[in-house]
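Asker: Protein chains in written order, with our numbering: chain A, 1 to 338; chain B, 1001 to 1155.
Cβ coordinates follow ideal geometry from the N, Cα and C atoms, glycine included.
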Amino acid sequence: MVPAAKDKTLILGIETSCDETAAAVVADGREMLSNIIASQIEDHKKFGGVVPEIASRKHLETANDVVERALTEAGIGFADLSAIAVTNGPGLVGALLVGVNIAKTLAYALQKPLVAVNHVMSHVAANYLVHPVQFPAVCLVASGGHTSLLYLLSRSETQLLGTTRDDAAGEAFDKVARVLELGYPGGPAIDKIAVDGNPDAFKFPRAFSGQDQNFEFSFSGLKSAVINTLHNLEQRGEVIPKADIAASFQAAVVDILVEKTRLAAESKAAKTVLLAGGVAANRQLRLSLQENLTRDGIVLYYPPPELCTDNAAMVACAGYDLYKRNEFAGLDLNALSI
Amino acid sequence: MDTVITTNSEQETETLGQTVGELLFPGAVLLLDGNLGAGKTAFARGVARGLGVTKPVQSPTFTILYAHSGRLAFYHFDLYRLEDEQELLDIGIDEYLDDEGVSLVEWAGKFPTFFTMPSMYITIVRGQGEDVREIKFSAGEERYRQLLTELLARS
Chain A
1 MVPAAKDKTL ILGIETSCDE TAAAVVADGR EMLSNIIASQ IEDHKKFGGV
51 VPEIASRKHL ETANDVVERA LTEAGIGFAD LSAIAVTNGP GLVGALLVGV
101 NIAKTLAYAL QKPLVAVNHV MSHVAANYLV HPVQFPAVCL VASGGHTSLL
151 YLLSRSETQL LGTTRDDAAG EAFDKVARVL ELGYPGGPAI DKIAVDGNPD
201 AFKFPRAFSG QDQNFEFSFS GLKSAVINTL HNLEQRGEVI PKADIAASFQ
251 AAVVDILVEK TRLAAESKAA KTVLLAGGVA ANRQLRLSLQ ENLTRDGIVL
301 YYPPPELCTD NAAMVACAGY DLYKRNEFAG LDLNALSI
Chain B
1001 MDTVITTNSE QETETLGQTV GELLFPGAVL LLDGNLGAGK TAFARGVARG
1051 LGVTKPVQSP TFTILYAHSG RLAFYHFDLY RLEDEQELLD IGIDEYLDDE
1101 GVSLVEWAGK FPTFFTMPSM YITIVRGQGE DVREIKFSAG EERYRQLLTE
1151 LLARS
């Protein structure tokens, strides 16, 4: 038990937007009291040995346990909560609805405020849990499902600068890893093999680079270029230099992400640049951004790995800001696909 | 009724999709297959444009479904990450397929025994040359054969 925590604003966060069923309790928008992700619970027996997946039914089977576990680990009961925060989009509607309905039920039964959190904004908030972010800031959210650049004036004032027109950065990693037969998840696999490769061996296209004030991304053409290269090598019967292709591909993705982020930071006079989402774990991306930003005196922050992937602590953190501004959701809250 | 239409660039693939989108009727189901990088999402983006969807059409690989609104609702599925038929039911795909909106399903070929409803089956394969694609349309039911006839008249 952590009795002192009860004087604080305690937000329960719930996240079921995609593959992970997660719940967490965060105090005062900063202090993580618990952060439970179903797929990480070792006691799989409880769930019949099944690791939760995409299916909303899997969310349904595990969500109640995950919520209870989040409260127990935080040392609090339902009555101690200040509000319930839930991701309501974007994501798979059937999956989102599980979290949304649990949150609405709790809010109604406990007579507590309900706040609706945008999934991409919650990824940004993961940084607020661990870093003293100075504003204005620019955040790059890059994951399997999202690639977005955001301009942040404060924790609550944000503006979307650009997003991907086709594939997400993490998706490009996964698909290129698949054609190179490197396994899943693709990001870490490419990051690893690229160390032994020459990033200049192949010249892959950098879409939209060098265009001022355009913060949109595109990775579909890059993916096709890698597949074409492989196809041509195979047709000529040549050995596939996997490490070189991985390194050259990764260099192209990193160049695109770094160039756009750097441009955004420059044009918005950002003091801080934040990375968020699964791709934030890529070492080359961190290194290259660090190099580029240090030159301009900009601080780079990124969350630890467990807060880069989908989790509910970031939802509770983002929910805290909404709660403080009295931006509550009604019990008619719905899930949004986009 | 089978037809093959050749496109010479991603843009042409998207434009062909747009023409299909303009011809679609309520409740239509398009099943789409082709290897990674074949241009499925480009074709789907075209279909969305033809249906009057103006917002960006991103790849639904990660989220599995993006629902757009246009002249008709447009349900854009990508089954790349799914492994068995039960998962299709878990995401509620049958409700979307029965809806008045248009469903386009990428990687439908992974589940041949599931998609037995009337539909247009479309496969995209590489042709001779890097950006050349051969797009094969197969229509069984009358409404889809009619759609295909109109598509041929237009392209």
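1. What ranges does the beta strand (DSSP E) occupy inside the region 270 to 307 of chain A, keeping only unbroken runs of at least 3 residues that lie completely in it?
2. Any chance the region 282 to 298 of chain A sits against the region 92 to 103 of chain A, with 3 or more Cβ pairs inside 8 Å?
3. Near K175(A), which residues of its chain fall below 8 Å by C-beta distance, leaving aside the five closest residues on each side in sequence?
4. Check R155(A) in the structure and name its three-state DSSP category.
5. Let's test the definition: count the other Cβ atoms within 10 Å of the Cβ of N311(A) and tell me whether it reaches 16, buried, or not, exposed.
6. So, helix, strand or coil for L114(A), using DSSP?
7. List, in order along the chain, the chain B residues whose C-beta lies closer than 7 Å to that of G144(A)?
8. Would you call V51(A) buried or exposed, if buried means 16 or more other Cβ atoms sit within 10 Å of its Cβ?
9. For the region 156 to 219 of chain A, which segments carrying the beta strand (DSSP E) assignment without a break, of at least 3 residues, lie completely within its bounds, in sequence order?
10. What's the C-alpha gap between E31(A) and A270(A)?
11. For the beta strand (DSSP E) containing V120(A), name the first residue and the last one.
12. Quick one: is G49(A) buried, meaning 16 or more other Cβ sit within 10 Å of its Cβ, or exposed?
13. Beta-carbon within less than 6 Å of Q159(A)'s beta-carbon, same chain only, minus the 5 sequence neighbours each way: which residues are those?
14. Under DSSP, the beta strand (DSSP E) around F249(A) begins and ends at which residues?
15. Between the C-alpha atoms of R1126(B) and T309(A), what's the straight-line distance to the nearest angstrom?
16. On the CB-based measure, 16 or more other CB atoms within 10 Å of its CB, does E234(A) come out buried or exposed?
17. Cβ of L233(A) less than 8 Å from any chain B Cβ?
18. Out of curiosity, what's the CA-to-CA distance linking G278(A) and A225(A)?
19. Between N130(A) and chain B, is any beta-carbon pair separated by less than 8 Å?
20. Counting only Cβ pairs nearer than 8 Å, list the residues of chain A close to Q1058(B).
21. Hey, V86(A) and V100(A): beta-carbon distance below 8 Å or not?
22. Does the Cβ of P1026(B) have 16 or more other Cβ atoms within 10 Å, making it buried, or fewer, making it exposed?
23. Mapping DSSP to helix, strand and coil, what is R1154(B)?
24. T1041(B) versus chain A: which residues are under 9 Å apart at the beta carbon?
25. So which residues on chain B does K223(A) lean against when the C-beta distance must stay under 8 Å?
26. What residues of chain B sit near R178(A), judged by a beta carbon separation below 8 Å?
Answerer: On the basis of the data shown:
1. Every beta strand (DSSP E) of 3 residues or more that sits fully in the region 270 to 307 of chain A is shown, in chain order, as 272 to 276 and 299 to 301.
2. In this structure the region 282 to 298 of chain A does not lie against the region 92 to 103 of chain A, because fewer than three pairs of beta carbons, one per stretch, are closer than 8 Å.
3. Locating residue 175(A) in the first sequence gives position 175, counting from the first residue. If we look at K175(A) and ignore the five residues flanking it on each side, its Cβ neighbours are D167, G186 and K223.
4. Walking along the first sequence from the start, residue 155(A) turns up at place 155. DSSP places R155(A) in coil when its eight states are reduced to three.
5. Position 311 of the first sequence, counted from the first residue, corresponds to residue 311(A). Its Cβ being crowded by 16 or more others within 10 Å, N311(A) is buried.
6. As a working note, residue 114(A) is residue 114 in the first sequence. Residue state, collapsed to three classes: strand.
7. In the first sequence, residue 144(A) corresponds to position 144, counting from 1. Those are F1062, listed as they occur along chain B.
8. Within the first sequence, numbered from 1, the residue matching residue 51(A) stands at position 51. Model confidence at V51(A) stands at a pLDDT of 40, short of 50, so the residue's coordinates are unreliable; what they give is reported in the following sentence. Answer is exposed; the Cβ neighbour count stays below 16.
9. Entirely contained in the region 156 to 219 of chain A, the beta strand (DSSP E) runs reaching 3 residues are, in chain order, 158 to 163.
10. Along the first sequence, read from residue 1 onward, the residue named residue 31(A) stands at position 31. Along the first sequence, read from residue 1 onward, the residue named residue 270(A) stands at position 270. If I take the Cα positions, the gap works out to 26 Å.
11. If you number the first sequence from 1, residue 120(A) lands on position 120. Unbroken run through V120(A) is the alpha helix (DSSP H), H119 to A125; no beta strand (DSSP E).
12. Position 49 of the first sequence, counted from the start, is the residue given in the question as residue 49(A). Note on G49(A): pLDDT 35, under 50, position unreliable in the model; the coordinate value appears next. It counts as exposed.
13. For this step, residue 159(A) is matched to residue 159 along the first sequence. Once the five neighbours on either side are set aside, the close Cβ partners of Q159(A) are Y151.
14. Within the first sequence, numbered from 1, the residue matching residue 249(A) stands at position 249. Not the beta strand (DSSP E): F249(A) falls in the alpha helix (DSSP H), residues K242 to S267.
15. Counting from one through the second sequence, the residue named residue 1126(B) turns up at place 126. Counting from one through the first sequence, the residue named residue 309(A) turns up at place 309. Looking at the two C-alpha atoms, the distance is approximately 35 Å.
16. On the first sequence, position 234 is the one that residue 234(A) refers to. E234(A) is classed as exposed because its beta carbon has fewer than 16 other beta carbons within 10 Å across all chains shown.
17. As a first step, residue 233(A) is located in the first sequence; it is residue number 233 there, counting from the start. No, its Cβ sits nowhere closer than 8 Å to a Cβ of chain B.
18. Mapped onto the first sequence, residue 278(A) falls at position 278. Mapped onto the first sequence, residue 225(A) falls at position 225. Between G278(A) and A225(A), the C-alpha separation is close to 23 Å.
19. For the purposes of this step, residue 130(A) is taken as the residue at position 130 of the first sequence. Checking the sequence shown, residue 130(A) turns out to be Val, not Asn. Not closer than 8 Å to any Cβ of chain B, the Cβ of V130(A) fails to qualify, so no.
20. Counting from one through the second sequence, the residue named residue 1058(B) turns up at place 58. Those are T163, T164, R165, D166, D167 and A168, listed as they occur along chain A.
21. Here residue 86(A) is taken as the residue at index 86 of the first sequence, counted from 1. Here residue 100(A) is taken as the residue at index 100 of the first sequence, counted from 1. Against a cut-off of 8 Å, the Cβ pair of V100(A) and V86(A) comes out as a contact.
22. Taking the second sequence and counting its residues from 1, one reaches residue 1026(B) at position 26. Exposed.
23. Stepping through the second sequence from its first residue, residue 1154(B) is reached at position 154. Residue state, collapsed to three classes: helix.
24. Position 41 of the second sequence, counted from the start, is the residue given in the question as residue 1041(B). Those are D166, D167 and S220, listed as they occur along chain A.
25. Walking along the first sequence from the start, residue 223(A) turns up at place 223. In chain order: L1036 and G1037.
26. Within the first sequence, numbered from 1, the residue matching residue 178(A) stands at position 178. Here the neighbours are L1036.
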